[in-house]
Ligand code: NDP
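In the UniProt record's numbering, the protein residues as written are 1 to 322.
Below, the structure written as structure tokens:
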């Protein structure tokens, strides 16, 4: 049966990656576009999803059979700390409108997007899918985290009361082309890429905040895109699933900085500003559930993915979110 797949947040980092994979993988292949599929990628300019009426009109226009729901108010640590109510309320509104409209418009399947920062602050590592609600999230982002956690609660309630096929994905830190490269409000990889790019261009020092020692799991947006496409076609459970590289693929911030220096061709020395906070040393998440279900899946080697992200910024500097 023909399917219409609506991707909310279709102009963001993850949405653009899904569009890239759908357009560039061989048609009909595991991650490529199928003949009977129509993919629609929307931004806030087409519908402000905080508004139920605009959300309803969007669904009436496209009549999606499937929805990948990525749209969210997303921000760096500073924004999350300063605007907790805004992050809580706007994400609750967006998510409630998408879930309820998917129900009323009889969408066959809905996949929403959580994040590993929704997990409890005090938790036993590695994180896994059963630990989401086991204690309060870190207070720095409790607005965003609680709004996202509620999606999982709603998914279960929609399934129990109405039999809806709603589920959610939990990505770790994402990076790739079309990222937000803003120097103040970006995540660690795009922020460092931009700083190093400017250091090379202007002959200024490249300074990395913190000691460089913390370890993180980073997933390339185009790998994550394939995992969303796999979920859409092959994953049928309401329970969330962590989408991540393995715990053995953690990289240190120093390794990130080294890879960026190499990809950009920065020749000077770089230094660490150890007066800046490091954050948690590590917060590993398990991808065991994913690997047990997906079978064979090749993640892009970190350095290659990073090089592709750097090359994208260099080629698109004038139009990128900087
Ligand atoms: P981006 O910030 O790159 O993109 C956000 C998208 O959401 C944009 O397309 C934006 O549209 C849209 N959007 C924001 N507000 C609204 C609104 N009110 N109405 C309609 N659309 C709106 O986000 P990412 O691609 O990085 O994130 C995608 C998902 O992945 C989010 O749910 C996020 O929480 C989650 N996630 C991201 C991680 C990361 O490291 N980036 C890590 C883990 C989870 P417009 O362009 O018009 O503003």
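Beta carbons: idealized from backbone N, C-alpha and C, even for Gly. This one's a predicted model, so the numbers in the text were calculated from it and none came from an experiment.
Following the DSSP letters along the chain, one finds residue 173 inside the beta strand (DSSP E) bounded by residues 173-175. Going by beta carbons, residue 8 and residue 49 fall inside the 8 angstroms limit.
Each of 181, 121, 114, 141 was checked against the Cα of residue 153, and the nearest Cα belongs to 114. Going by beta carbons, residue 112 and residue 168 fall inside the 8 angstroms limit. Residue side-chain check: residue 180 places its Cβ nearer than 7 angstroms to a non-hydrogen atom of ligand 1. In the DSSP assignment, residue 237 falls outside any beta strand (DSSP E) and carries neither an H nor an E. Non-local C-beta neighbours of residue 279 in its own chain, meaning closer than 7 angstroms and more than five positions away in sequence, comprise 214, ordered along the chain. Excluding five sequence positions before and after residue 141, the CB atoms of its chain that fall closer than 6 angstroms to its own CB belong to 80, 117, given in chain order. Secondary structure of residue 129 (DSSP, three-state): helix. With contact defined as three or more Cβ pairs closer than 8 angstroms, the segment 80-97 and the segment 131-151 are in contact. In the DSSP assignment, the residues bridged to residue 109 are 66. Residue 160 and residue 27 have their C-alpha atoms roughly 36 angstroms apart. Contact check between the segment 52-59 and the segment 199-210: fewer than three CB pairs, one atom from each, fall below 8 angstroms, which does not count as touching. Here residue 273 is bridged, per DSSP, to 209. A direct Cα-to-Cα measurement between residue 24 and residue 274 gives close to 42 angstroms. Scanning its chain for C-beta atoms nearer than 6 angstroms, with the 5 sequence neighbours on each side dropped, one finds around residue 11 the residues 43, in chain order. With fewer than 16 other Cβ atoms from the protein chains shown falling within 10 Å of its own Cβ, residue 291 counts as exposed. With distances taken between CA atoms, residue 67 lies nearest to 98 out of 98, 248, 78. Judged by DSSP in its simplified three-state form, residue 137 adopts strand.
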